[in-house]
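Trainee:
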Amino acid sequence: TPFANHRPRTQTLAHHDRLNKKVRSTMVNRPPPRSGSSISESGGDNSVRSKGSRRNNGLEWSLRSLRNIDNSAQHFLHNYYDDGEGSDSDDEEQLEDQTAYDIFKGKDEVADKENNSVWATLNAPLRTGVVDGKKVIFELLMDVTQKPEIPRSERIKASHKILNANKSDWEVRLRFWMMHFGVARLSVSFMGVFLVMNVFFAALFYSLDGRCCGDSSYTFGDVFAFTVQTSTTIGYGSSSPVGYVANFFVVILSYTSILVNTLFAGLLFTKFVTPIINIEISEVMTLCNVNGVPCLTFRLGNNDGTLNPLTDINVRLTYSYQIPYTDHNGEPNFFRQTEELRLLSNRQHGLVEVWTLRHVLDESSPLFGLNFNEHPGNKIYTFTLSIDAVQDLTKSSVNVQTQFGVQDIMIGHTFSNQVSIDPDTERVISDYSKMSDCEPYPVWYPARANAYGEQSSLATFDKKSSSSALDKMKLGP
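So the sequence shown is numbered by this note's numbering: it starts at -17 and just counts up by one.
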């Protein structure tokens, strides 16, 4: 693995001597702990972090952990520890992480200090918070991104080529290929094979001196009728094979017809008993505030409704990202990792109406405080949605999967209303043509790095520096 590299012994000892002077432990995989909890250098739990120590212990990986990882380091320990030379991090104040409620819904103490902050001067819709030990500025934005030109349903059809794989035998692959046929296509295929088989054997019978039945006056049509009657075991009795060769052809024809009939009957039976569901999923996901907190939202529904009812629906949403590193040869490389995004509600007894699902971007979310256009948010390359359900008609389990790209996230948008109630009949009406319709809506979204100057918190600015900070500000809508 790229992390199994070792320094020469002299370099390793020197490196650990430097580590003994100042070790900054960190756990960089899971979401940050609740505000106020940390682990001291001695290993004990403290309510306040020790100066010069990282937030947690452990050597693990996650997307948010990439904030604190040097992915250009060639050695594993270099990704996590400073050498203790030329670092001024000991002089920096270790900040406590804040919850989403503290950032988005709590009182903005910075804005109250008019003498020391330019927030109140600009009256800008901004919030400052501490995420993973770093100060992050959140802007209240709308209509940030637009729908991609190529719809998601077309992009996910892109083929994936497999090279040098130990593939299954040709007969197994033929079965897999035929399993993709629909009932109509399978029926037409069976008719074609049936006609070709009977024409072939009719030609064999016709090539004999006495045709099939010892009568040279038989036309090709008469011989073809005989093969059809034989292959389908109709046997009207008007014709019968004569001679050893004709009887041998009858044996081969009977065996071939039984094989073909059984094969296509099995495929058709499988198609009829295999549970099928028609779940429609929104082409995009939206990112907007719900109750004042950013939420990643998508929705789905059962197109067949009560004609094909579904029960025990379970939904999982995961995202995959690439962790870059530099290997022992100094070449850039990466490996991929997948994590689950917890949904507010992922189970439902039935799917009668349109179902809207949300992932809250709070302090427990792996996406909290990430801008998808900057490191480490730009390491995400796909979101995978998996839906498990039980078809009520057959009591069989079914599964549907699809993928979203980062470009499918409509930042600063919310879904348009899709469900209405008929006032006369009080019937719930779901308009599936509006499944992916969106409209602008505010969202707290992390600002770009240095968008408001090099300082992450404007609480340190005084009146003299306010004018220079105003020049650097780029307020969003």
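All C-beta atoms in this analysis are idealised placements derived from N, C-alpha and C, irrespective of residue type, glycine included.
Are there 16 or more other CB atoms within 10 angstroms of the CB of Gln400, so buried, or fewer, so exposed?
Mentor: Result: buried.
Trainee: Specify, as a first and last residue, the run of the alpha helix (DSSP H) that Phe158 falls within.
Mentor: Per DSSP, Phe158 belongs to the alpha helix (DSSP H) from 152 to 161.
Trainee: Based on Cα-Cα distance, which residue from Val175, Arg193, Gly225, Thr201 lies nearest to Thr238?
Mentor: Ranking Val175, Arg193, Gly225, Thr201 by Cα distance to Thr238 puts Val175 first.
Trainee: Helix, strand or coil for Lys143 per DSSP?
Mentor: In this structure, Lys143 counts as coil in the three-state DSSP scheme.
Trainee: Using only the alpha-carbon positions, how far apart do Gln128 and Met267 sit?
Mentor: So the alpha carbons of these two residues sit roughly 11 Å apart.
Trainee: Along the alpha helix (DSSP H) that carries Gly225, what are the first and last residues, could you check?
Mentor: Taken as a continuous stretch (DSSP letters only), Gly225 belongs to no alpha helix (DSSP H), as it is neither H nor E.
Trainee: If you draw a straight line from the C-alpha of Asp191 to the C-alpha of Leu156, how long is it?
Mentor: Whole-angstrom Cα-Cα distance: 38 Å.
Trainee: For Leu326, which residues in the same chain have their Cβ closer than 6 Å to its Cβ, ignoring the five residues on either side in sequence?
Mentor: Only Arg340 meet the Cβ criterion.
Trainee: Need the endpoints of the beta strand (DSSP E) that Asn381 sits in, please.
Mentor: Where Asn381 is concerned, the enclosing beta strand (DSSP E) stretches over 378 to 386.
Trainee: Would the stretch 368 to 388 and the stretch 308 to 327 be scored as touching if the rule is three or more Cβ pairs under 8 Å?
Mentor: No: fewer than three Cβ pairs fall under 8 Å.
Trainee: Between Asp374 and Thr293, is the Cβ-Cβ spacing less than 8 Å?
Mentor: Yes, Cβ-Cβ distance for Asp374 and Thr293 is below 8 Å.
Trainee: Can you tell me which of the three DSSP states Thr209 falls into?
Mentor: Correct three-state label for Thr209: helix.
Trainee: Would the beta-carbon of Lys377 fall within 8 Å of that of Ile305?
Mentor: Result no, Cβ atoms of Lys377 and Ile305 do not sit closer than 8 Å.
Trainee: How long is the line joining the alpha carbons of Ser236 and Gly164, rounded to whole angstroms?
Mentor: Answer to the nearest angstrom: the Cα atoms are 27 Å apart.
Trainee: Let me know the secondary structure DSSP gives Ser412 once reduced to three states.
Mentor: Three-state result, Ser412: strand.
Trainee: Is it buried or exposed, Val205, if we count other Cβ atoms within 10 angstroms and call 16 or more buried?
Mentor: By the 10 Å Cβ count, Val205 comes out buried.
Trainee: Which residues in the same chain as Pro348 place their Cβ atom closer than 8 Å to its Cβ, once the five residues preceding and following it in sequence are excluded?
Mentor: So the list reads Pro13, Ser44, Leu45, Arg46, Tyr301, Glu321, Leu323, once near-sequence residues are dropped.
Trainee: Considering only residues of the same chain and omitting the five flanking positions on each side of Ile138, which have a CB-CB separation below 8 Å?
Mentor: Cβ within range, chain order: Thr384, Gln385.
Trainee: Could you tell me which uninterrupted beta strand (DSSP E) segments, each at least 3 residues in length, are contained entirely in the stretch 283 to 337, listed from first to last along the chain?
Mentor: You should have 292 to 308, 314 to 323, 329 to 332.
Trainee: If we ignore side chains and look at the alpha-carbon of each, how far apart do Leu289 and Gln330 end up?
Mentor: Computed Cα separation, rounded: 18 Å.
Trainee: Look at the alpha carbon of Ile411 and the alpha carbon of Glu335, and state the distance between them as a whole number of angstroms.
Mentor: Their Cα atoms are separated by approximately 8 Å.
Trainee: Would Asp114 and Gly351 qualify as a contact pair, given that the criterion is a beta-carbon distance under 8 Å?
Mentor: In contact: Asp114 and Gly351 (Cβ atoms closer than 8 Å).
Trainee: Restricting to Cα atoms, I'd like to know which of Phe158, Leu245, Pro358 is closest to Tyr307.
Mentor: Nearest C-alpha to Tyr307: Pro358.
Trainee: Ignore the nearest five residues each way along the sequence and tell me which others in Glu265's own chain have a CB closer than 8 Å to its CB.
Mentor: Hits under 8 Å: Lys129, Pro133, Arg134, Ser135, Asp390, Met417, Ser418.
Trainee: Just curious, the beta strand (DSSP E) that Ala433 is in, first and last residue?
Mentor: It is not in any beta strand (DSSP E) - Ala433 carries neither H nor E in the DSSP assignment.
Trainee: DSSP three-state call for Lys253: helix, strand or coil?
Mentor: If DSSP states are grouped into helix, strand and coil, Lys253 belongs with the helices.
Trainee: How long is the line joining the alpha carbons of Phe380 and Asp151, rounded to whole angstroms?
Mentor: The amino acid occupying residue 380 in the given sequence is Val; Phe does not appear at that position. Looking at the two C-alpha atoms, the distance is approximately 27 Å.
Trainee: DSSP three-state call for Gly248: helix, strand or coil?
Mentor: It is helical.
Trainee: Quick check on Leu145: buried or exposed, where buried means 16 or more other Cβ atoms within 10 Å of its Cβ?
Mentor: Exposed, by the Cβ-count rule.
Trainee: Could you tell me the distance, in whole angstroms, from the CA atom of Thr214 to the CA atom of Glu262?
Mentor: Going by the C-alpha atoms only, they are around 43 Å apart.
Trainee: Would you identify the three-state DSSP class for Val126, choosing helix, strand or coil?
Mentor: Looking at Val126 - three-state DSSP - the assignment turns out to be coil, as it is neither helix nor strand.
Trainee: Name the DSSP beta bridge partners of Gln373, please?
Mentor: Gln373 is bridged to Leu292, Ser378.
Trainee: Looking only at its own chain, which residues have a Cβ that is under 8 Å from the Cβ of Leu168, when we skip the five neighbours before and after it?
Mentor: Cβ within range, chain order: Met160, Phe246, Leu249, Leu250, Lys253.
Trainee: State buried or exposed for His310, treating a residue as buried only when at least 16 other CB atoms are found within 10 Å of its CB.
Mentor: The residue in question, His310, is exposed, as its Cβ has fewer than 16 Cβ neighbours within 10 Å.
Trainee: Using alpha carbons as the reference points, say which of Ile240, Val181, Ala147 lies closest to Thr209.
Mentor: Checking every option, the nearest Cα to that of Thr209 belongs to Val181.
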